[in-house]
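*Asks:*
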Amino acid sequence: MWTSLAFAVVGAIHLMPIAPVFVPETLTRLYGITPGDSTLLVLLRHRALLLALVGILCLWASWSAPVRPAALLAAAINILGFLGFYALYGNPAGTLRTIAIADLIALPPLAFAAWSTLVRS
Numbered sequence: 002m003w004t005s006l007a008f009a010v011v012g013a014i015h016l017m018p019i020a021p022v023f024v025p026e027t028l029t030r031l032y033g034i035t036p037g038d039s040t041l042l043v044l045l046r047h048r049a050l051l052l053a054l055v056g057i058l059c060l061w062a063s064w065s066a067p068v069r070p071a072a073l074l075a076a077a078i079n080i081l082g083f084l085g086f087y088a089l090y091g092n093p094a095g096t097l098r099t100i101a102i103a104d105l106i107a108l109p110p111l112a113f114a115a116w117s118t119l120v121r122s
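Residue numbers for the sequence shown, in the numbering used here: 2 to 122.
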């Protein structure tokens with residue numbers, strides 16, 4: 002039960018920024034940018050779509066044990082990758098800090114899910 006909850010929390014965190022997939026204007030609120038540059042618009046909407054994919058995979062893993070290793074890998078690459086780039090660029094303030102905090106919040110349930118899936122089983 003706790004493992005399922007951990008995957009559900011990580012999944013929910015990944016699904017939170019899905020709005021730009023459907024409403025590009027939300028990019029201003031989420032990232033503090035105006036969607037005037039079509040290249041940036043495509044990249045950030047694609048980012049939202051990929052985050053949703055990781056979120057759906059984690060939610061699926063919350064009730065399907067065979068999916069858990071793939072969900073762990075996808076979520077870990079996403080979370081640790083963002084936090085690594087964030088640190089590499091000097092922990093910038095603003096909206097990126099909010100994303101970093103959300104990823105830091107996702108780390109404990111992700112670590113528990115990894116432990117309970119890979120070690121405890």
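We put the CB at the ideal spot given by N, CA and C, even for glycine.
1. Would you kindly report the start and end of the unbroken alpha helix (DSSP H) that includes residue 32?
2. Look at residue 115 and residue 73 and say whether their C-beta atoms are less than 8 Å apart.
3. Determine the closest residue to residue 9 out of 25, 87 and 109, with distance taken between C-alpha atoms.
4. One question on the structure: do residue 33 and residue 95 come within less than 8 Å of each other, judged by their Cβ atoms?
5. Is the segment 87-101 in contact with the segment 36-51, if contact means three or more CB pairs nearer than 8 Å?
6. Could you check what DSSP says for residue 35 in three-state terms: helix, strand or coil?
7. For the candidate residues 59, 67 and 88, whose alpha-carbon lies nearest to that of residue 111?
8. Count the other CB atoms, across all protein chains shown, that sit within 10 Å of the CB of residue 63; report buried if there are 16 or more and exposed otherwise.
9. DSSP state of residue 55, grouped into three classes?
10. Quick one: grab the DSSP three-state call for residue 17.
11. Could you have a look at residue 92 and say whether DSSP puts it in helix, strand or coil?
*Replies:* This is what the structure gives:
1. Indexing the sequence shown from 1 puts residue 32 at position 31. It spans 27-32 - the alpha helix (DSSP H) in which residue 32 sits, taken as one unbroken run.
2. Numbered from 1 along the sequence shown, position 114 holds the residue referred to as residue 115. Numbered from 1 along the sequence shown, position 72 holds the residue referred to as residue 73. When the beta-carbon positions are compared, residue 115 and residue 73 come within less than 8 Å of each other.
3. For the purposes of this step, residue 9 is taken as the residue at position 8 of the sequence shown. Nearest option by C-alpha distance: 109.
4. Along the sequence shown, one-based indexing puts residue 33 at 32. Along the sequence shown, one-based indexing puts residue 95 at 94. Yes, the Cβ-Cβ distance between residue 33 and residue 95 is below 8 Å.
5. With a cut-off of 8 Å on Cβ pairs, the segment 87-101 is not in contact with the segment 36-51, counting fewer than three such pairs.
6. Mapped onto the sequence shown, residue 35 falls at position 34. Three-state result, residue 35: coil.
7. In the sequence shown, residue 111 corresponds to position 110, counting from 1. Ranking 59, 67 and 88 by Cα distance to residue 111 puts 59 first.
8. Working through the sequence shown from its first residue, we reach residue 63 at position 62. Burial call: buried.
9. Within the sequence shown, numbered from 1, the residue matching residue 55 stands at position 54. Three-state DSSP puts residue 55 in a helix.
10. Counting from one through the sequence shown, the residue named residue 17 turns up at place 16. In the structure shown, residue 17 sits in a helix (DSSP, three-state: H, G or I).
11. If you number the sequence shown from 1, residue 92 lands on position 91. Under the three-state reduction of DSSP, residue 92 is assigned to coil, being neither helix nor strand.
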